[in-house]
Amino acid sequence: MVELEINGVERRIDMPPDTPLLWAIRDGLHLAGTKFGCGMGLCGACTVHLDGQPIRSCITPLSTAAGHRITTIEGLGHGSDIATLHPAQQAWIEGSVAQCGYCQSGQIMSAAALLDSNPDPSDDDIDRALSGNLCRCGTYPRIRAAVRRAAELKRRGERVVQTWDPNVAVAPLGGLPA
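In our numbering, each number is its position in the sequence shown, counted from 1, plus 531.
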């Protein structure tokens, strides 16, 4: 049994400690926003935050995450009183960034970490911070524009209220296991 905090909620996960964090999130908690891409930590689709820092959950053992604060795309904008979109999520929506959308949760998680450490990133800063997140659709110009917009939204303190609970799991096709 491994204990960790996911999206502000203490969780106990009954999986082997060497299980990749990605599978604990997706299969153990049924939070489907974090994606499996390469399984080698190279594409960034599985990016989550560990104590505020972006990590590749596909190569991070569950035991490494134990006792730490994990944030997934579902919990990124979660406020203390109401659920809100993170400025990066809002900017992605405003800019219609996604094409297929598969890589976008990882892109947004990396962008959010960048904005936490650098509130006014240059294009070079953005490119460096997101260089480990691959987009096969090639939406890089829209991604860069969205990060600039997210920085602006964050500086102005603008937040958008969500209409869903980020701690409610999304059931996979066919429903949750019995």
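C-beta atoms are modelled at their ideal positions from N, C-alpha and C, and glycine is treated no differently.
This structure is a prediction, so every number in the text was calculated from the model and none was measured.
Notebook entry, point to check: Around the C-beta of M571, are 16 or more other C-beta atoms found within 10 angstroms, so that it is buried, or is it exposed?
Noted result: exposed
Next item on the list: Report buried or exposed for D640, applying the criterion of at least 16 other Cβ atoms within 10 angstroms of its Cβ.
Entry: The displayed chain sequence assigns Met, not Asp, to residue 640. Buried, because 16 or more other Cβ atoms sit within 10 Å of the Cβ of M640.
Check: So what does H580 bridge to, in DSSP terms?
Finding: P585, T602
Item checked: Alpha-carbon to alpha-carbon, D558 and D582 -> 22 Å
Next item on the list: Rounded to whole angstroms, what's the CA-CA distance from L665 to E683? Just pull it up for me.
Entry: 24 Å
Next item on the list: Tell me whether the beta-carbon of A642 lies closer than 7 Å to the beta-carbon of Q635.
Entry: no
Checklist line | Among G663, A644, E605, nearest to I537 - alpha-carbon criterion | finding: E605
Next item on the list: Spell out the partners DSSP gives P551 in its beta bridges.
Entry: P592
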